[in-house]
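Number of protein chains: 2
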Amino acid sequence: VTVFDTRLPAPLDALPTPALLLDQARMSRNIADMAARAGAAGVRLRPHFKTSKCLPVARAQLAAGAVGFTCATAAEVAALQDAGAGDLLWAHAPVGPAKVSFAVSAAARGSLTIAVDSMAVAAPLSEAASAAGVTIPYLIEVDTGHGRAGVPPESVTALASELARLPGLELRGVFTHEGQLARHVGDRPALEAAGRHVGETMVAVAAAVTSAGHPCQVVSVGSTPGATSAPEVPGVTEARAGTYVFYDANQVALGSAASEQCALTVLTRVVRVRADGTVITDAGVKAMSSDISAAGNGFGVVAPDIDFTLANEEHGFLTGPGTTKLRVGDLLRVVPNHACGTVNMWSGMYVVDGDTATQRWTTTARH
Amino acid sequence: VTVFDTRLPAPLDALPTPALLLDQARMSRNIADMAARAGAAGVRLRPHFKTSKCLPVARAQLAAGAVGFTCATAAEVAALQDAGAGDLLWAHAPVGPAKVSFAVSAAARGSLTIAVDSMAVAAPLSEAASAAGVTIPYLIEVDTGHGRAGVPPESVTALASELARLPGLELRGVFTHEGQLARHVGDRPALEAAGRHVGETMVAVAAAVTSAGHPCQVVSVGSTPGATSAPEVPGVTEARAGTYVFYDANQVALGSAASEQCALTVLTRVVRVRADGTVITDAGVKAMSSDISAAGNGFGVVAPDIDFTLANEEHGFLTGPGTTKLRVGDLLRVVPNHACGTVNMWSGMYVVDGDTATQRWTTTARH
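Residue numbers (the numbering used here), protein chains in the order written: chain Y, 2 to 368; chain X, 2 to 368.
Here is the structure:
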């Protein structure tokens, strides 16, 4: 549906609200900085595509040296394969006939590595791959403390030995998502220590797998908070940060970035000033992140003296001393709590240079 | 992106997961029941389009006698106008040049009534409408206790008198969204009493506006929990329920529906069974509602003995005694906490008849 015919370039005041804005200069610096960091650590950078779901962003990451992408969903894999965007890791184990079938055809189509963390996951994949005459490379997912998918470090070698009996699958190494680092809000040294421990654990796991006679050339860690620690451990071969491309209020709270690095904002207007001082905007839950912040910043950061902790579907509620100067029609820019969850709410974003929107980039692969 | 080539009709086992499912028979009964209720109360039914964002659903509502739709966003207005779907109320005051311009052109294009709750909102609309030679019908939004947009009941007449001086705008009546009824979880009699109070308040407001010499033929209330009380008050002319078309776990908790009326589920598979008993699925935040439940049911209802209170972007975490029988690959159907927030996460839904998916309907007008 074409709704607004805003001609670009345009000042922010001419854009419909709410709108998702991307500061291209900040994004470019974030991409260059992380590429340099990965280069200095001697690891390959495989950004997570879920953060941007946006092909122009992915192309900028490839141009800066990313080796390919991490994907969460089949739709993300398909979108990147359609765009010819190279070597992919599908980091969410494919379960069920439709996803198994997709994994086989996607692996036949291009360079795709999949995630496996149990024989129950692997057996149907092995069967389908063998039937199709395809060999699918895979990594074993390791749970280094996040408590989600993956096997405990001490169980990886035994699983590798079991999996080695299955035809149609080929072990390439191990990976983890160190999401547990987000628990260390407000204590960056503890976060960094935990990140190094993740890297050390993964290197030890890889050594054990290799000692047991299995291939393990890939030792992959992945998160933005962990990007300054886990990949620095010698023996780690790959980093899979995602959020770094935009950063967000959660990452600022975690010490992963300064506010000035946040490239993504939601543009909104005041639509009502209530007698009790509460200011109502047109950016609600459907314009902001689909998940609640772990860092205590509500839906995002408007200003230091404004709280944005309540929202309905299409209305934001702002409170705090900073709201007293706000009037109906005022434009605000909210730094979202979680970039990945916010981008997922939008079909596209306006690329901005200062206070001018220069173009609109569409996103892809939403559910 | 075309990802899966599932041929329909297909059994649920053949669908990719996660997937949004719509039980068409339940939906049809919900539509017929609410149409009958509105008919018995003698009010016009103007369902909120934000719940389905789906044109086949909207057509079924029109066929059952809906007079048109309520919209939250310009994109919803445009999608329905493109489909020729009749008389619309844009219940979110249009603020800012882009939305003001859209309101003027949409009102010129078809039957559109807008929401106004202040002179600050109305003045730019009046100016733009006058310049275009258009007269835009509007309703004054009344805050009957939700504490979001709208003016307090006692301020409506004074605002109507101020607004009457503005050219290009034409008052048609008053409306409220009685979202405050959702506070009465577990006490349906209190909810119903609060709903009747909302209806009585609106009728009194309309009488005062009329007494002051202003037109007020529309007296509109709107919510699914309030649909059994507020529209029953004599003098109310219109009901604007939305969620009723699908219902959800929140509405069951509020006593608005029985579980058997819930037409929407998210299909998901178990992808890992952890040693601590936690079961991980492939339905996370991005597959479920974008907002947290007010009714204490987490992200949705899987079974009475299973809790779904934690999710990451693409992973759900299930706990409780009912998880012990679950194995990797098992299919589950989750009744979402909030239908409107869940539909907004999806580009389409599979229409199901029992355990068979018969067709796929796409959604529209997401941000």
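The C-beta atom is built at its ideal place from N, Cα and C for all residues, glycine as well.
Query raised in the report: In whole angstroms, what is the alpha-carbon distance linking X/Gly146 and Y/Asn31?
Result: 45 Å
Query raised in the report: Can you list the beta strand (DSSP E) stretches of 3 or more residues lying completely in the region 95–165 of chain Y, in chain order?
Result: 113–117, 137–142
**Report entry** 8 Å Cβ cut-off: residues of chain Y touching X/Gly330
**Finding:** Val96, Gly97, Ala121, Pro125
Query raised in the report: Are any of the Cβ atoms in chain Y nearer than 8 Å to that of X/Asp356?
Result: no
Requested in this report: Evaluate Y/Thr266 with the Cβ neighbour count: other Cβ atoms within 10 Å of its Cβ, from every protein chain shown; 16 or more gives buried, anything less gives exposed.
Outcome: buried
Requested in this report: Indicate the three-state DSSP secondary structure (helix, strand or coil) for Y/Leu167 in the structure shown.
Outcome: coil
Query raised in the report: Where does the unbroken beta strand (DSSP E) through X/Arg273 begin, and where does it stop?
Result: 265–274
Query raised in the report: Where does Y/Glu315 land, buried or exposed, given buried means 16+ other C-beta within 10 angstroms?
Result: buried
Report task. From the DSSP output, in three-state form, read off Y/Val329 for me. Result -> coil
Query - Strand pairing of X/Arg334, partner residues [DSSP] - result: X/Leu268
Query raised in the report: By a C-beta neighbour count over all protein chains shown, 10 Å radius and 16 as the cutoff for buried, is X/Asp356 buried or exposed?
Result: exposed
Requested in this report: Taking a Cβ distance cut-off of 7 Å, strictly less, list which residues of the region 297–317 of chain Y are near chain X, in chain order.
Outcome: Asn313, Glu314, Glu315, His316
Report task. Taking only heavy atoms of the ligand MN into account, decide whether any of them is closer than 7 Å to the Cβ of Y/Ala130. Result -> Ligands displayed in this structure: none; no statement on the ligand MN is therefore possible.
Query raised in the report: Since Y/Leu140 contacts Y/Gly174 with CB under 8 Å, what's their CB separation in whole angstroms?
Result: 5 Å
**Report entry** Neighbourhood of X/Arg275 by C-beta, 8 Å cutoff - its chain only, sequence neighbours within 5 removed
**Finding:** Ile281
Query - Alpha-carbon spacing of Y/Val2 relative to X/Met289, whole angstroms - result: Note that Y/Val2 has pLDDT 45, beneath the 50 cutoff, so the model's placement of it is unreliable and the number below is only indicative. If I take the Cα positions, the gap works out to 24 Å.
Requested in this report: Quick one: measure Cβ to Cβ for X/Thr114 and X/His93, integer angstroms, because I've assumed they're closer than 8 Å.
Outcome: With a Cβ gap of about 12 Å, X/Thr114 and X/His93 do not count as contacting.
**Report entry** Rounded straight-line distance, which links the Cα of X/Gly243 to that of X/Gly180
**Finding:** 12 Å
Query - Local conformation of Y/Pro190 per DSSP, three classes - result: helix
Query raised in the report: Hey, how far is the Cα of X/Pro153 from the Cα of Y/Lys287?
Result: 26 Å
Query raised in the report: Mind checking if Y/Ile137 is an interface residue toward chain X, Cβ cutoff 8 Å exclusive?
Result: no
Query raised in the report: Ends of the beta strand (DSSP E) at X/Ser29?
Result: Counting along the chain, X/Ser29 falls outside any beta strand (DSSP E), though it belongs to the alpha helix (DSSP H) covering 25–42.
Report task. Measure the alpha-carbon distance for X/Gly169 versus X/Leu160 and round it to whole angstroms. Result -> 16 Å
Query - Strand pairing of X/Arg361, partner residues [DSSP] - result: X/Tyr351
Report task. Quick one: residues in its chain with C-beta nearer than 8 Å to the C-beta of Y/Pro12, no 5 flanking neighbours on either side, listed in chain order? Result -> Asp356, Thr357, Ala358
**Report entry** Contact list for the region 241–273 of chain X against chain Y, Cβ threshold 8 Å
**Finding:** Arg270, Val271, Val272, Arg273
Report task. Enumerate in chain order the residues of its own chain whose CB-to-CB distance from X/Arg361 is below 6 Å, with the five nearest sequence positions on each side excluded. Result -> Gly349, Tyr351
Requested in this report: Within the same chain, show all residues whose beta-carbon is closer than 6 Å to that of Y/Cys55, passing over the 5 residues directly before and after it, in chain order.
Outcome: Trp362, Thr364
Query raised in the report: When the Cα of Y/Val234 is compared with those of Y/Glu201, Y/Thr7, Y/Phe5, Y/Tyr248, which residue comes out closest?
Result: Y/Glu201
**Report entry** Chain-order list of residues whose beta-carbon lies under 6 Å from that of X/Ala61 (same chain, five-residue window excluded)
**Finding:** Ile32
**Report entry** Residue of Y/Thr71, Y/Val105, Y/Leu333, Y/Val199 minimising C-alpha distance to Y/Gly236
**Finding:** Y/Val199
Query raised in the report: Under the three-state reduction of DSSP, which class applies to Y/Ser212: helix, strand or coil?
Result: helix
Requested in this report: Report the neighbours of X/Arg367 on chain Y: residues whose CB is nearer than 7 Å to its CB, in chain order.
Outcome: Ser348
Query raised in the report: Within this structure, are the beta carbons of X/Val157 and X/Ala209 separated by less than 8 Å?
Result: yes
Query raised in the report: Taking the DSSP output, what are the residues bridged to Y/Pro305?
Result: Beta-bridge pairing links Y/Pro305 to no other residue.
Requested in this report: Check each candidate in X/Ala36, X/Asp292, X/Ser260, X/Val303 and name the one with the smallest Cα separation from X/Met346.
Outcome: X/Asp292
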